[in-house]
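Engineer: Questions regarding the structure given below will be posed in turn.
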Amino acid sequence: MPPDLVTWLMGYVSDAADADGFEVDVVGAEPEDLELPLTRPLIVIRIDPGSRVDWTTFDRSVGASVLGGSKNAPTPIVDLARWLASVLFDDELPLATGSPIARVDFSGCNGPYAVPDELDVARQYMTAQYVVEGSW
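Residue numbers (our numbering): 24 to 159.
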């Protein structure tokens with residue numbers, strides 16, 4: 024059975040943000056009723072299904088968006104996205120307490136980069152690739 028990677032990553036990113044002094048909201052899906060301006064930056068973590076590698080390991084791709092501020096002043100969101108990339112691309116993720124991540128696949132770690140948005144919000148996007156451990 025594949026692990027619940029999105030829940031683990033949401034908690035891990037939220038704890039890392041608190042430890043580094045970032046006041047953010049971390050969610051597993053972008054709210055349908057998103058209201059602007061955001062009072063705090065929003066980090067959205069999405070898991071794309073991948074293939075099964077063997078009996079208990081799976082390939083997983085993660086997409087992460089960082090939203091906040093405005094298109095005219097994106098610098099704080101760009102900086103926050105760069106920080107998030109450092110967290111999601113960290114080769115020591117497999118060593119974190121309770122981590123289902125067995126290996127970070129650097130070939131699937133991309134970004135962050137700006138994404139056009141119809142809303143007046145700065146948006147950055149990145150992907151990370153992992154091999155994760157499930158259970159039997």
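Think of the CB as a built atom: it goes at the ideal place given N, C-alpha and C, for glycine as much as any other residue.
Exposed or buried, which one is residue 88 when buried takes at least 16 other CB atoms within 10 Å?
Structural biologist: By 1-based counting over the sequence shown, the position of residue 88 is 65. It is buried - the Cβ of residue 88 has at least 16 other Cβ atoms within 10 Å.
Engineer: Keeping to the same chain, check which residues put their C-beta closer than 6 Å to that of residue 24; ignore five residues upstream and five downstream.
Structural biologist: Position 1 of the sequence shown, counted from the first residue, corresponds to residue 24. Here the set comprises 157 and 158.
Engineer: Please classify residue 75: does DSSP put it in a helix, a strand, or coil?
Structural biologist: Here residue 75 refers to the residue found at position 52 when the sequence shown is read from its first residue. Strand at residue 75.
Engineer: Taking all protein chains shown into account, do 16 or more other C-beta atoms lie within 10 angstroms of the C-beta of residue 135, making it buried, or fewer, making it exposed?
Structural biologist: Here residue 135 corresponds to residue number 112 of the sequence shown, with the count starting at 1. Buried, because 16 or more other Cβ atoms sit within 10 Å of the Cβ of residue 135.
Engineer: Have a look at the DSSP bridge pairing and note the partners of residue 156.
Structural biologist: As a position in the sequence shown, residue 156 is number 133, starting the count at 1. Paired residues: 80.
Engineer: Using C-beta distances below 8 Å, list every residue in its chain close to residue 78, excluding the 5 sequence neighbours before and after it, in chain order.
Structural biologist: By one-based count along the sequence shown, residue 78 stands at place 55. Result list for residue 78: 159, in chain order.
Engineer: Measure the alpha-carbon distance for residue 66 versus residue 85 and round it to whole angstroms.
Structural biologist: Locating residue 66 in the sequence shown gives position 43, where the first residue counts as 1. Locating residue 85 in the sequence shown gives position 62, where the first residue counts as 1. The straight-line gap from Cα to Cα measures roughly 12 Å.
Engineer: If you follow the alpha helix (DSSP H) that residue 99 is in, where does it begin and where does it stop?
Structural biologist: Translated into the one-based positions of the sequence shown, residue 99 becomes position 76. Note, residue 99: alpha helix (DSSP H), 98-111.
Engineer: Going by CA-CA distance only, name the one from 144, 27, 110 and 61 that's closest to residue 42.
Structural biologist: Along the sequence shown, one-based indexing puts residue 42 at 19. The option with the nearest alpha carbon to residue 42 is 110.
Engineer: Please report the Cβ distance between residue 93 and residue 143, rounded to the nearest whole angstrom; I am assuming they are in contact, meaning their Cβ atoms lie under 8 Å.
Structural biologist: For the purposes of this step, residue 93 is taken as residue 70 along the sequence shown, with counting starting at 1. For the purposes of this step, residue 143 is taken as residue 120 along the sequence shown, with counting starting at 1. Right, their Cβ atoms sit about 5 Å apart.
Engineer: Please list the terminal residues of the continuous alpha helix (DSSP H) segment that includes residue 39.
Structural biologist: Along the sequence shown, read from residue 1 onward, the residue named residue 39 stands at position 16. Unbroken alpha helix (DSSP H) run through residue 39: 28-42.
Engineer: What residues in its chain sit with their C-beta under 8 Å from that of residue 112, if we drop five residues either side in the sequence?
Structural biologist: Reading the sequence shown from its first residue, position 89 is the one you call residue 112. 127, 129, 132 and 151.
Engineer: Can you tell which of 60, 70 and 154 has the C-alpha that lies nearest to the C-alpha of residue 50?
Structural biologist: Within the sequence shown, numbered from 1, the residue matching residue 50 stands at position 27. Among 60, 70 and 154, the Cα nearest to that of residue 50 belongs to 70.
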